[in-house]
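The next block holds one structure in the form of structure tokens; read it before the comments.
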Amino acid sequence: MSRAYNFSPGPAMLPEPVLRQAQATLLEYGEVGASILEISHRGADFLAVARQAEADLRTLLTIPDDYAVLFTAGGATTVQALLPLNFAAPGQPCDYVISGHWGKTALKQAAPYVEARIAASSEAGGFRDLPPREQWQLSPDAAYVHVTANETIHGVEWRHIPDAGAVPLVADFSSSIASEPLDVSRFGLIYAGAQKNLGPVGITVVIVRRDLLERAGQPRAPILDYRAIAAAESMLNTPPSWNWYVLGLTVQWMLEQGGVAEFARRNARKAALLYDAIDGSGGFYRNEVAPAARSRMNVPFFLHDPALDALFLSEAKQAGLIGLKGHRVLGGMRASLYNAMPEAGVQALVEFMRQFQATHG
Ligand code: PMP
């Protein structure tokens with residue numbers, strides 16, 4: 001058996017050295033006489049792992065000291081529900097810029113608790129472009145403005161997220177965190193499920209400006225309270241310790257590879273390879289996103305004849321290329337090109353696409 005190039009959107013491909021290291025320490029971690037899965041999260045051994053992961057993530061993303069970093073369970077969707085509870089006072093509106101499926105989800109998760117307003121949306125155009133800043137209708141009294149940095153399903157990405165004035169920007173970076181340099185200080189809060197660029201599913205990173213933690217928010221149980229979670233170093237209850245550990249290994253790997261500047265270069269090359277192949281296929285393959293809004297991380301594409309979809313997927317699998325089936329919302333294909341995907345994987349995909357077209361075009 002050999003490992004395929006895995007284009008899954010998340011859980012996604014992990015770097016092989018990370019998997020090997022996780023495997024090597026699965027049975028016995030260091031000198032502790034047990035697996036890291038089996039030891040207390042409050043013991044010195046796990047605390048060292050947790051703190052190192054945070055320190056490394058701070059280095060990788062250049063996170064300023066006035067930001068807390070939380071490691072939570074429940075995925076990015078749970079963060080979406082907790083944003084209004086933590087940061088919007090009763091009666092205070094929250095603004096949402098909707099650029100795809102995940103922006104809509106964020107709005108839906110917040111709607112039971114606050115007045116969640118649509119400040120702008122590109123839905124009328126099928127989410128093939130981003131809502132331009134001139135069209136955002138912001139509420140001056142909003143608790144925050146929520147944006148989705150990269151839409152994993154629709155394949156649209158902000159090359160530069162616009163400012164929102166005095167209202168804090170809250171950004172879902174689930175599918176593009178650590179893919180390029182990021183100025184954290186422009187945001188009130190950044191969150192990301194780890195299962196794309198940060199490693200394993202089951203843990204979510206929330207980077208929040210500390211002063212926002214003092215916001216009144218809504219009445220909520222301590223376990224849903226980001227201030228309490230920050231004060232307890234994300235260990236108010238038992239954290240997903242294995243996931244935290246593997247996240248730490250993945251962050252270390254990214255640092256060793258040269259950090260976010262290096263991944264920005266690699267990701268730009270990978271995305272250009274695939275978009276060029278699609279655009280140069282004479283219509284056999286097509287991507288419908290406006291070129292300036294195209295995602296570097298998730299590339300949805302369609303075959304000119306959907307009757308070929310199943311064959312494309314089965315032949316791709318035989319060629320060692322998996323995870324290419326598009327999301328059910330859009331259909332077609334999607335290739336996710338996160339940091340762990342080597343350029344050789346994209347070259348193999350592009351070569352396969354050319355051969356498939358030559359045979360079936
Ligand atoms: N936001 C984005 C941009 C996503 O891609 C996803 C998952 N694919 C989510 C939110 C939801 O994440 P989770 O499944 O961790 O709740």
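Just so you know, full-length UniProt numbering puts the end of the sequence shown at 361, numbered straight through with nothing missing. We treat Cβ as the ideally placed atom computed from N, Cα and C, and that holds for glycine.
Cβ-heavy atom distance, residue i to the ligand PMP, below 6 Å
i           : result
residue 244 : no
residue 10  : yes
residue 76  : yes
residue 172 : yes
residue 193 : yes
residue 136 : no
residue 175 : yes
residue 152 : yes
Paired residues, beta bridge with residue i - DSSP
i           : result
residue 157 : 150
residue 89  : Per DSSP, none; premise fails for residue 89.
residue 300 : 334
residue 190 : 171, 207
residue 6   : 322
residue 226 : Answer is none; residue 226 lacks a bridge partner.
residue 213 : DSSP output for residue 213 lists no bridge partner at all.
residue 121 : 98
residue 145 : 95, 169
residue 68  : 208
residue 285 : 303
residue 116 : 94
residue 294 : 156
Whether residue i touches residue j by CB criterion (7 Å)
i           : j           : result
residue 187 : residue 171 : yes
residue 109 : residue 80  : yes
residue 95  : residue 251 : no
residue 139 : residue 159 : no
residue 190 : residue 173 : yes
residue 270 : residue 198 : no
residue 330 : residue 300 : yes
residue 68  : residue 216 : no
residue 87  : residue 143 : yes
residue 155 : residue 298 : yes
residue 260 : residue 178 : yes
residue 121 : residue 131 : yes
residue 254 : residue 60  : yes
residue 273 : residue 350 : yes
residue 146 : residue 106 : yes
residue 152 : residue 291 : no
Cβ shell of residue i (< 8 Å), same chain only, five flanking positions each side left out
i           : result
residue 66  : 209, 210, 211
residue 37  : 26, 241, 242
residue 279 : 287
residue 30  : 45
residue 357 : 281, 284, 285
residue 348 : 5, 319, 320, 321
residue 141 : 92, 93
Contact test: residue i Cβ vs the ligand FAD heavy atom, cutoff 6 Å
i           : result
residue 102 : The ligand FAD is not among the ligands present in this structure, which contains only the ligand PMP.
Nonlocal neighbours in the same chain, by C-beta distance under 6 Å from residue i, ignoring five residues either side
i           : result
residue 275 : none
residue 84  : 94, 110, 113, 114
residue 203 : 71, 194, 240, 243, 244, 247
residue 361 : 284
residue 304 : 283, 284
residue 296 : 267, 271
residue 293 : 129, 130, 156
7 Å CB neighbourhood of residue i in its chain, flanking five on each side removed
i           : result
residue 223 : 236, 237
residue 213 : 68, 226, 227, 230
Contact with chain C by residue i, beta-carbon distance below 7 Å
i          : result
residue 38 : Considering every chain present, this structure includes no chain C. It has just one protein chain.
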